[in-house]
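Report on the following structure.
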Amino acid sequence: MDSTFIIEKSVVIVSVFAITMIFAMYSTWAERKVAAFLQDRVGPNRAGWGGLLQPLADGLKLFSKEEFFPNTPNKFLFIIGPGIAMSTALMTSAVIPWGDKLHLFGKDILLQATDIDVALLYIFGVISVGVYGIMIGGWASNNKFSLMGAVRAASQMVSYEVAMGLSMIALLMMTGTLSLKEISAQQSGMNWNVFYQPVSFLIFLICAFAETNRTPFDLAECESELIGGYHTEYSSMKMGFYLFAEYANMFISSAILSILFFGGYNYPGMEWMVENAGVNTANVIGMLALFTKICGFIFFYMWVRWTIPRFRYDQLMHLGWRILIPLAIINIMVTGVCILAFK
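The numbering of the sequence shown is this note's numbering, which starts it at 922 and goes up by one.
Below you can see the structure in the form of structure tokens.
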């Protein structure tokens, strides 16, 4: 393995992590702006033009806050919990294809940190580890409200991962691959999977809300019952890691939704652009198309937060186990019948 390849991959990995962190930071600004728009308010407008420096001000505030440790015998786990949550949120971005390729300096540079054949399995594996960050943090806080929030988060994430995994089986039966790169390539033009698997898309979207602990599935952070939930005892950047992890997960889930069901970086006329404007121009536009789709989903996350009230916990579990899982199984059966009938 030559040094040029290692440098190239290192630059791509650092760039991917940087983009994920920047989107997580400015999602906090966008959250406030969207809330202000929906509630007919101004929103943040003091720190920088239009409040654009507000995320940096929030970061400085978190860094300057006092480091608080509760009376717990598990201080190591108390510290490592936010680290696990943040690490798993960033690791999922490694297999996402942000575009096709760029031809620079006489060589092709793939716009993906790593292209593995089992990218979807990798994402589900990393997501399943993310629940440990929340569970460990809540348990190590030595606080019953934090523990209850962690148990709620863990049970809802485990429950909705089942429905999310089943929703993917129907899509995989149709695409025949676990590679996100190949799934994106199969959706050239407007040949998007959402037109063939609308039920899978709906189930995956609902489960994505539950996996990211977003309203109406934010029972793990329900202030009316559990104060701040699993991060009640956290302060300074340890709390910041939990908050950033939530927004990073929202960004990554939006990217995965865009790639699996809305063509990823593909857009109508992309082949024509490659032939007439060149590979670089066509693929830069493809990257912009992907980020436009991601921003659309992020806006939808925020729109739902300020529109729908949270469920009761029994309603949340009822939806996951008694509605979404049977619906996903029925969708698998219907997909199998259609594949046998029309292929």
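Beta carbons are placed, not taken as given, at the ideal position from N, Cα and C, and that holds for glycine.
For residue 1028, list the residues DSSP reports as bridge partners. As a first step, residue 1028 must be located in the sequence shown, where it is residue number 107. According to DSSP, residue 1028 bridges with 1025.
Output yes or no for whether 8 Å exceeds the beta carbon distance between residue 1142 and residue 1081. By one-based count along the sequence shown, residue 1142 stands at place 221. By one-based count along the sequence shown, residue 1081 stands at place 160. Contact flag unset, no.
Compute the distance between the beta-carbons of residue 1174 and residue 1129, then report whether it is under 8 Å. Numbered from 1 along the sequence shown, position 253 holds the residue referred to as residue 1174. Numbered from 1 along the sequence shown, position 208 holds the residue referred to as residue 1129. Against a cut-off of 8 Å, the Cβ pair of residue 1129 and residue 1174 comes out as a contact.
With residue 1032 and residue 1020 assumed to form a contact (beta carbons below 8 Å), what rounded beta-carbon distance in angstroms separates them? Within the sequence shown, numbered from 1, the residue matching residue 1032 stands at position 111. Within the sequence shown, numbered from 1, the residue matching residue 1020 stands at position 99. Confirmed, Cβ separation roughly 4 Å.
Please classify residue 1012: does DSSP put it in a helix, a strand, or coil? Position 91 of the sequence shown holds residue 1012. Residue state, collapsed to three classes: helix.
Mapping the DSSP letters down to three states, classify residue 1187 as helix, strand or coil. Walking along the sequence shown from the start, residue 1187 turns up at place 266. DSSP places residue 1187 outside both helix and strand once states are collapsed to three, so it counts as coil.
The alpha helix (DSSP H) enclosing residue 1077, as first and last residue numbers: By 1-based counting over the sequence shown, the position of residue 1077 is 156. 1065-1096 is the extent of the alpha helix (DSSP H) around residue 1077.
Quick one, are the C-beta atoms of residue 910 and residue 1222 less than 8 Å apart? Residue 910 lies beyond the stretch modelled for the chain, which goes from 922 to 1264, so this question has no answer here.
Which of helix, strand or coil does DSSP assign to residue 1229? By 1-based counting over the sequence shown, the position of residue 1229 is 308. In the three-state DSSP reduction, residue 1229 falls in the coil class, being neither helix nor strand.
Run through DSSP, which three-state label would residue 979 get? Indexing the sequence shown from 1 puts residue 979 at position 58. Here residue 979 sits in helix by DSSP.
What whole-angstrom Cβ distance do residue 1100 and residue 1040 have, given they're in contact under 8 Å? Here residue 1100 refers to the residue found at position 179 when the sequence shown is read from its first residue. Here residue 1040 refers to the residue found at position 119 when the sequence shown is read from its first residue. So it is a contact: roughly 6 Å between Cβ atoms.
Rounded to the nearest angstrom, what separates residue 928 and residue 972 at their Cα positions? Mapped onto the sequence shown, residue 928 falls at position 7. Mapped onto the sequence shown, residue 972 falls at position 51. Their backbone Cα atoms lie some 36 Å apart in a straight line.
Suppose the cutoff is 8 Å on Cβ atoms and the five residues either side in sequence are ignored; what does the same chain contact list for residue 1052 look like? Locating residue 1052 in the sequence shown gives position 131, counting from the first residue. Apart from sequence neighbours up to five positions away, the residues of its chain that approach residue 1052 with a beta-carbon distance below 8 Å are 1074, 1075, 1078 and 1079, ordered along the chain.
To the nearest angstrom, how far is the alpha carbon of residue 1072 from that of residue 992? Mapped onto the sequence shown, residue 1072 falls at position 151. Mapped onto the sequence shown, residue 992 falls at position 71. The straight-line gap from Cα to Cα measures roughly 20 Å.
By the DSSP assignment, the alpha helix (DSSP H) with residue 1141 in it spans what residues? For the purposes of this step, residue 1141 is taken as residue 220 along the sequence shown, with counting starting at 1. Looking at the DSSP string, residue 1141 is not in any alpha helix (DSSP H), and its letter there is neither H nor E.
Between 1167, 967, 1070 and 1183, which has its C-alpha nearest residue 1106's C-alpha? Counting from 1 along the sequence shown, the entry for residue 1106 is found at position 185. Checking every option, the nearest Cα to that of residue 1106 belongs to 1183.
Per-residue DSSP class, three states only, for residue 963: Taking the sequence shown and counting its residues from 1, the one referred to as residue 963 is at position 42. Coil, per DSSP.
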